Amino acid sequence: MKIRILFERRPTRRIMVGKVPVGDGSPVTVQTMTVTKTADYEQTLQQIYAVAAAGADIVRCTCNRQEAAEGLARIVPRSPVPIVADIHHNYRMALAALDAGVHCLRLNPGNIRKPAHIKAVASECRDRGVPIRIGVNGGSLDPDLYDPELGVTPEAMVESAQRELRYFEEVDFDLVKISVKASNVPLMIEAYRQLSEVTDHPLHLGVTEAGPPPAGTIKATAGMATLLAEGIGDTIRYSLTADPVEEVKAGRHLLEAMGLRERRNVDLIACPSCGRAEIDVFSVAEEAMKALSDRKIPLQVAVMGCVVNGPGEARDADLGIAAGNRRGHLFVKGVNVAVVPESDMVSSLVEWAEFMNKHGAQAALRRAKNTREAARKAAMEDRQRNLENVGVNANNTEAVIATIRRR
Ligand code: SF4
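Using the numbering used here, you'd call the opening residue of the sequence shown number 215 and step up by one each time.
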């Protein structure tokens, strides 16, 4: 029996960003931000469609000038996902974005500081029923809160968010989500932990300016995964120096890996390879990933280097292939179903994955009714052959240990 562990999520209120719920146990959502000029609405829409196809639930566009607000007026009605307007410095841009029909605003308390301006925007949002993300950023913290000795502290970031909330309360506005992002992972983790103790507004997670992948992806994952495992976080964004589609893919992968979203794409697992491998596992796995990644097939698929241990080690995968004697041994739920030439390993994997996605595992096993026995025997033969050629100890460790002991 498979064990399914779910992270208990901290209770938060629910807000609606357009038609997408955020908070109160709704699925953790993936966000990204366009990198086009918002005024160039055709290009921006193209990017929005690309990220939505990759799995973005909500998209943010900058609204830094009047032309951008006008672009939003054309983008919002044609967008497949809710649009958040990113506002810095100029509160009038927030009002213009609301006129354009955006589904949410992001305000940075560090650079819109006049209480009258903040309250004017919050009042307009209240009247329109549009939520605001209070987006505190360690790099642009309100100067009043910056500690000259300690620098940016988690306490100061939380206070910045709470100060903004108090302004909102004065005008009776509470459709709020909050972020306290920093590029320093421990700082960001601590700020979110403290924030989650003092508020039940939904939280938007992110490590800001994480940088290019893979280091940026790892940094952002370290911060967000830690918090998600503690039940903190209702929506996430990877801030990578990369195509926004990559940000969305990373976000989906993280949530799917943590069991926080239903699987949408293939989960490719592969053995690390060893002295027993009969193929170049790295390149076959990479080829399989390329062939399967955009197909929206929610299956776990395994690429294993040998038929000796591969099928057993990947018995929980939905579908897998293991190499042996220049051929590929396909298995469904641990049952051998077919043998294919080594050159067809990836194409066969794709073909079976498509079949299983359409018809299910039982149908795949029925499809192999007449080939299963021959496939099982072929796998046994190739397994035996590998054991005879490579020996039981494929990595020769006993001989190495004997050498070490002789010294
Ligand atoms: S024993 Fe086989 S399946 Fe396991 S790591 Fe080595 S090649 Fe891969």
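By construction, the Cβ of each residue, glycine as well, lies at the ideal position given by its N, Cα and C atoms. Computed from a predicted structure; not experimentally measured.
Length of the line joining the Cα atoms of residue i and residue j
i: M215; j: I483; result: Summary for M215: the model assigns pLDDT 44, below 50, so the residue's position carries little reliability, and this model does not support an answer.
i: N325; j: L364; result: 21 angstroms
i: N523; j: A502; result: 20 angstroms
i: P416; j: A268; result: 24 angstroms
i: L401; j: S487; result: 38 angstroms
i: V553; j: V564; result: 14 angstroms
i: M570; j: A491; result: 27 angstroms
i: Q261; j: E384; result: 38 angstroms
i: V421; j: C339; result: 27 angstroms
i: A405; j: T431; result: 20 angstroms
i: I346; j: H418; result: 11 angstroms
i: F496; j: A582; result: 28 angstroms
i: P525; j: G574; result: 20 angstroms
i: D313; j: A287; result: 8 angstroms
i: N278; j: G315; result: 16 angstroms
i: V480; j: A528; result: 15 angstroms
i: T617; j: F545; result: 39 angstroms
i: L601; j: V399; result: 47 angstroms
i: I289; j: Y255; result: 6 angstroms
i: T276; j: N550; result: 53 angstroms
i: E612; j: T585; result: 39 angstroms
i: S471; j: R599; result: The question names Ser, but residue 471 in the sequence shown is Ala. Rounded to whole angstroms, A471 to R599 spans 36 angstroms at the Cα level.
i: T367; j: V394; result: 11 angstroms
i: R280; j: A370; result: For clarity, residue 280 is Gln in the given sequence; the question names Arg instead. Distance between the alpha carbons of Q280 and A370: 32 angstroms.
i: S548; j: L579; result: The sequence given here has Gly at residue 548, not Ser. In a straight line, the C-alpha of G548 is about 11 angstroms away from that of L579.
i: L614; j: V604; result: Note that residue 614 is Val in the sequence shown here, rather than Leu. Looking at the two C-alpha atoms, the distance is approximately 15 angstroms.
i: V390; j: I229; result: 7 angstroms
Residues that DSSP places opposite residue i in a beta bridge
i: K395; result: N351
i: R224; result: Partner(s): none; R224 has no beta bridge.
i: N623; result: A query on residue 623 cannot be resolved here, the shown segment of the chain reaching from 215 to 621 and no further.
i: I535; result: V517 and L544
i: G425; result: L454
i: T276; result: D300
i: P555; result: R541
i: T449; result: T243 and H418
i: L441; result: Answer is none; L441 lacks a bridge partner.
i: I346; result: L319 and V390
i: G365; result: D361
i: I618; result: I618 pairs with nothing; no bridge assigned.
Cutoff 6 angstroms; reference residue i; Cβ partners in own chain excluding five residues on either side
i: P296; result: V231, G232, V234, I272 and H317
i: L474; result: V242
i: L521; result: Reading off the sequence, residue 521 comes out as Val, not Leu. Only A536, G538, H543, A593, D596 and R597 meet the Cβ criterion.
i: G285; result: T252, A253 and Y255
Close beta carbons around residue i, own chain, < 8 angstroms, minus the five adjacent residues each side
i: T413; result: A375, Q376, L379 and I392
i: V606; result: none
i: S562; result: I535, G542, L544, A552 and V554
Sequence-distant residues of its chain with Cβ nearer than 7 angstroms to residue i (five each side left out)
i: V265; result: T246, V273, P458, V459 and V462
i: R224; result: S410, G445 and I446
i: S354; result: N322, G324 and N325
i: P427; result: L454, A456 and E460
i: L441; result: I403, Y406, L419 and G447
i: A531; result: I483, Q514, V515 and A516
i: R342; result: L312
Nearest-angstrom beta carbon gap, residue j and residue i [assumed within contact, 8 angstroms]
i: G465; j: S397; result: With a Cβ gap of about 18 angstroms, G465 and S397 do not count as contacting.
i: L259; j: S293; result: 7 angstroms
i: E568; j: I511; result: 7 angstroms
i: Y381; j: K333; result: 6 angstroms
i: A282; j: A253; result: 5 angstroms
i: H543; j: D596; result: 7 angstroms
i: L469; j: T435; result: Not really, about 11 angstroms apart at Cβ, beyond 8 angstroms.
i: T449; j: V236; result: 5 angstroms
i: H331; j: Y305; result: 4 angstroms
i: D356; j: R327; result: 6 angstroms
i: A270; j: V244; result: 6 angstroms
i: V372; j: Q408; result: 5 angstroms
Distance cut-off 6 angstroms: residue i Cβ against heavy atoms of ligand 2
i: A491; result: For ligand 2, the structure offers nothing, since it holds only ligand 1.
Measuring CB atoms only, is the segment 554-566 touching the segment 584-599, in the sense that at least three cross pairs come out at less than 8 angstroms? The segment 554-566 vs the segment 584-599: no contact.
Taking 8 angstroms as the cut-off, does the segment 528-535 touch the segment 512-519 (at least 3 CB pairs, one atom from each stretch)? A contact exists between the segment 512-519 and the segment 528-535.
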